[in-house]
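Those protein sequence lines, which keep their order, are chains L and F.
In terms of the numbering used here, the first sequence opens at residue 71 and continues consecutively.
In terms of the numbering used here, the second sequence opens at residue 1375 and continues consecutively.
Glycine is no exception: its CB is placed at the ideal position from the N, C-alpha and C atoms.
Here the structure is a predicted model, which means the values were calculated and not measured.
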Amino acid sequence: MVILGCILIAVGLLFFLGTTLGLLRFPDFYSRMHAAGKGDTLSTVLILLGCICLVSTQGGMSWLLGLKILLIINFVFIGSPTATHAMMDAGDKAGATPWKRESE
Amino acid sequence: MKYLYSFVVLFAPWLVLSGKFDPLHVGMGVLCSLLVAWWCADLLFQDRKSSTGDRLRQLVAFTGYTGWLFVQIIRANLHVFRVAFSPRMNRLLAPRMVEFDTGLEKELSRFVLANSITLTPGTVTVRVDGSRFLVHALTETAAHDLHGAMERRIANIFEKGR
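What follows is the structure, given as C-alpha cells:
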C-alpha cells in the first residue's frame, strides 16, 4: 500500500510538472488556462489518492480520514472545471484574442 | 420522500466529517440534518417527478460514467502533455473556438456536459447559452472528439424515458 501510494503521488507530481511546463510555454491566455485548469485536476486527484493509500496503512480510524479525502476529491472535481470555466468566460468578455499561427 | 433523501444526503457527510460516534455528536447531527432537510428539501430536489427507482438507476449509471470519464481524462491529459513537452509545440497547437448545439434538455445534464468538456484536457467550455455551447479547443484532435460520445452517455443517464 505504501508503495502504491508513493507511485500515485510520483505520477501526480509528474503531471504537475507537465501542467507547469504547459502554463509557461503555451502562447496565449486560453491555452494557458487549459494547462492550468485541468492538468491540475488530474494531478491533485492522483496525489490525494496516494495520500489515501498512505493513510490507510495506519489502522484505527484511518478509513474515516480516507473518506474525508474522497470528499475533497469530489469538491475538486466540481470546483476546478467551474472555476476554469468562469475565468475563460471572463477572458472572452474582456476581449482576449485567441492566438493563431502566423501562417494562418 | 424528498425529506428522507435530503436527510440521508445531509447526515452521511456529517458522520464522515465529525468522525465521532458517541450519542451526543450523532444526536446533534440527526437534529441538524432533520431541521435542514425540513427547511431546504425543496432546494435539493427540484425535480419532483422522478421516482425512487429512477434516481437509483441514475446514481448507478452516473458512477459508471465517472469511471469512463476518468479514463478519458487520463488519455486526454497525456495528449496535452505530449504537446507541452514537445519542442515543436507551436506546430502542434491549433487553438480554435468551436460552437455547437446540444440536444440535451435538462439543466443538470447540460451542467454535467459542460464540466466534463472542461475536465477533459484540450477543451474548455467558455460559455453555455441555452443549448448553445462555446468551446475552446487546444488542438485539432481535441476539437474532433469533442462531444459525440460524451453527449450520448449523458443523455443515456439523465434523459431516458422522456
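Asked                                                                                                                             : Found
Reference tryptophan 169 of chain L; option with closest CA among L:Met103, L:Gly107, L:Ile142                                    : L:Met103
Euclidean distance between Cα positions of threonine 1492 of chain F and leucine 1398 of chain F                                  : 43 Å
Assigned secondary structure, phenylalanine 1507 of chain F (DSSP; H/G/I helix, E/B strand, else coil)                            : strand
Beta carbon of leucine 1512 of chain F nearer than 8 Å to that of proline 1469 of chain F                                         : yes
Contact set for arginine 1501 of chain F: own chain, Cβ-Cβ below 6 Å, skip 5 residues either direction                            : Leu1508
Three-state class that DSSP yields for methionine 1471 of chain F in the structure shown                                          : strand
Nonlocal neighbours in the same chain, by C-beta distance under 7 Å from valine 72 of chain L, ignoring five residues either side : Leu124, Thr127
Residue-level contact to chain L via CB, arginine 1536 of chain F, 8 Å cutoff                                                     : Any answer about arginine 1536 of chain F is weak, because its pLDDT of 43 lies below 50 and its placement is not dependable; what the coordinates show is given next. Answer no: the Cβ-Cβ gap between arginine 1536 of chain F and chain L never drops below 8 Å.
Residue-chain proximity (serine 1380 of chain F, chain L), Cβ-Cβ < 8 Å                                                            : no
Interface positions of the segment 1448-1460 of chain F facing chain L (Cβ-Cβ less than 8 Å), listed along the chain              : Ile1448, Asn1451, Val1454, Phe1455, Val1457, Ala1458, Phe1459
Bridge partner(s) assigned by DSSP for arginine 1501 of chain F                                                                   : F:Leu1508
Interface partners of serine 1493 of chain F on chain L, CB under 7 Å                                                             : A small correction: the amino acid at residue 1493 of chain F is leucine; serine does not occupy that position in the sequence shown. Here the neighbours are Lys108, Thr111, Pro151.
Contact with chain F by alanine 105 of chain L, beta-carbon distance below 8 Å                                                    : yes
N-terminal and C-terminal residue of the alpha helix (DSSP H) that glutamine 1446 of chain F is part of                           : 1426-1459
Secondary structure, beta strand (DSSP E): runs of 3+ residues fully inside the segment 123-171 of chain L                        : none
Counted within 10 angstroms of its Cβ, other Cβ atoms place leucine 112 of chain L as buried (16 or more) or exposed              : buried
Serine 1483 of chain F and isoleucine 1528 of chain F closer than 8 Å at C-beta                                                   : yes
Contact belief for valine 1390 of chain F with leucine 74 of chain L at Cβ below 8 Å, rounded distance in angstroms               : Actually they do not touch by this definition, with Cβ atoms about 23 Å apart.
With 16 other Cβ atoms within 10 Å as the buried cut-off, status of leucine 1433 of chain F                                       : exposed
Cβ pair glycine 107 of chain L, valine 1498 of chain F closer than 8 Å                                                            : yes
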